[in-house]
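Colleague: Residue numbers (the numbering used here), protein chains in the order written: chain A, 1 to 202; chain B, 203 to 404.
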DNA sequence: ATGACTTATGGCACACTATGACAGAAAAGT
DNA sequence: ACTTTTCTGTCATAGTGTGCCATAAGTCAT
């Protein structure tokens, strides 16, 4: 990795950290892009070259998670029931979280607090999920040998899986640490698996 | 109902219709508030008194549906299992759709086409759903005698119910009429009910 | 009807987000 | 060192959304 890329990555994280701190200090709405840019000493124009929008800051982690899920889904055996494969994908995100660095943990916990204090943002995050669900539904439909456009069950399978993930993410108490959060997420996943009829997703 | 209120309602619908037509003609992004206001001969400033934002136009129906669901939930017997009550609420939205006027049907079908051509908007709609889910989860937790903050199952129950509703709404073919859409939605609801283990939501 | 009261509207100014165009600086490859 | 590519800042501009104030329209007395 060249100097250029390293520098870019550093800037990107600096923006992210500065933004999260500002959001926690003075709220999301009342923080302007100009302030964020000022805090890391770049021009506002440059901010938009790193993040396509102010919202995008908050969706950063979501995008990372989606990539991971898509990857996992493709690597699971084709014969595996789709919901099972999806649950593996969700667990992959979970273990990625567990395996990340101290810095990333801090960033993640900050993000969580920001989301908690600005509920409209979790809406944004969920909105991003709509696209994710469509892409996952394509993969599920392929597994089931159906057409994603017309097969409602494929969509339902994905929707249920993402529901479990979302509930697991939002539900844990706000003040807990990383192990508590991942623990609760794991519980929710099991809860979802237990709630469904065996073979419902074939 | 006085002249004032009737006039307001008329303006509101005029704005909505003009906006949907413009969105279909030239796309959501490339339609400005100024154009919409111009089409119904009001000032842009007034537009924002009827709809808090451009997005709000699209969320109009969602808000109506949420009101209906909350109402239905409160009117169902407290002893009824929460998921069953939620499914009744979803069906209430469905029969409201079936029972509405020709004009409302046309409006609804237009909205559906707009959503289909501008996927980022269905994100917006789903985002609004995040708030809805939280409010519904409160009602479900009350039924189950638990605290919504800590009870993951309450959230999961609501999330599953809303998933069924969303899939039913989005999945039907785009060119179908109203009866086809409601029919497909009913199918999805039954599919969801069949997928879950009896008694999972107690 | 006339007047007083309330509410809706329009116009203006303004803050903020976001994007396009262009020129200069920094890094990469040769 | 030279060229090419990529990143950056400056400037200009479009569009959304809000506060404020004067005016117009609807409402309700007498």
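Ideal placement from N, C-alpha and C gives every residue a C-beta, glycine not left out.
Indicate whether at least one CB of chain A lies closer than 8 Å to the CB of residue 199 (chain B).
Modeller: This structure leaves residue 199 (chain B) out entirely; chain B is present only between 203 and 404.
Colleague: Along the stretch 336–360 of chain B, what residues have a CB closer than 7 Å to any CB found in chain A?
Modeller: 354, 355, 357 and 358
Colleague: Could you check whether the stretch 89–102 of chain A touches the stretch 177–195 of chain A, counting it as contact only if at least three pairs of C-beta atoms, one from each stretch, sit closer than 8 Å?
Modeller: yes
Colleague: Can you tell me which of A:40, A:7, A:27 and A:64 puts its alpha carbon nearest to the alpha carbon of residue 108 (chain A)?
Modeller: With respect to the C-alpha of residue 108 (chain A), the residue from A:40, A:7, A:27 and A:64 having the closest C-alpha is A:64.
Colleague: When you compare only the Cα positions, how much space is there between residue 286 (chain B) and residue 331 (chain B)?
Modeller: 19 Å
Colleague: Straight-line CA distance for residue 50 (chain A) to residue 382 (chain B)?
Modeller: 45 Å
Colleague: Can you find a CB in chain B that lies within less than 8 Å of the CB of residue 115 (chain A)?
Modeller: Interface criterion not met: the Cβ of residue 115 (chain A) is under 8 Å from no Cβ in chain B.
Colleague: On the DSSP letters alone, give me the boundaries of the alpha helix (DSSP H) that residue 159 (chain A) sits inside.
Modeller: Residue range 152–170 is occupied by the alpha helix (DSSP H) that includes residue 159 (chain A).
Colleague: How long is the line joining the alpha carbons of residue 12 (chain A) and residue 316 (chain B), rounded to whole angstroms?
Modeller: 35 Å
Colleague: Using a Cβ cut-off of 8 Å (strictly closer), state whether residue 52 (chain A) contacts chain B.
Modeller: no
Colleague: Expressed to the nearest angstrom, what Euclidean distance is found between the alpha-carbon atoms of residue 242 (chain B) and residue 261 (chain B)?
Modeller: 20 Å
Colleague: Can you find a CB in chain A that lies within less than 8 Å of the CB of residue 390 (chain B)?
Modeller: yes
Colleague: Counting only runs of 4+ residues fully inside the stretch 13–49 of chain A, write out the alpha helix (DSSP H) ranges in chain order.
Modeller: 33–40
Colleague: Going by C-alpha distance, which of A:25, A:8 and A:118 is nearest residue 55 (chain A)?
Modeller: A:118
Colleague: On a CA-only basis, which of A:5, A:195, A:143 and A:166 is nearest residue 78 (chain A)? Give me that one, please.
Modeller: A:143
Colleague: Does any CB atom of chain B fall closer than 8 Å to the CB of residue 61 (chain A)?
Modeller: no
Colleague: From the DSSP output, in three-state form, read off residue 398 (chain B) for me.
Modeller: strand
Colleague: Alpha carbon to alpha carbon, how far is residue 97 (chain A) from residue 103 (chain A)?
Modeller: 12 Å
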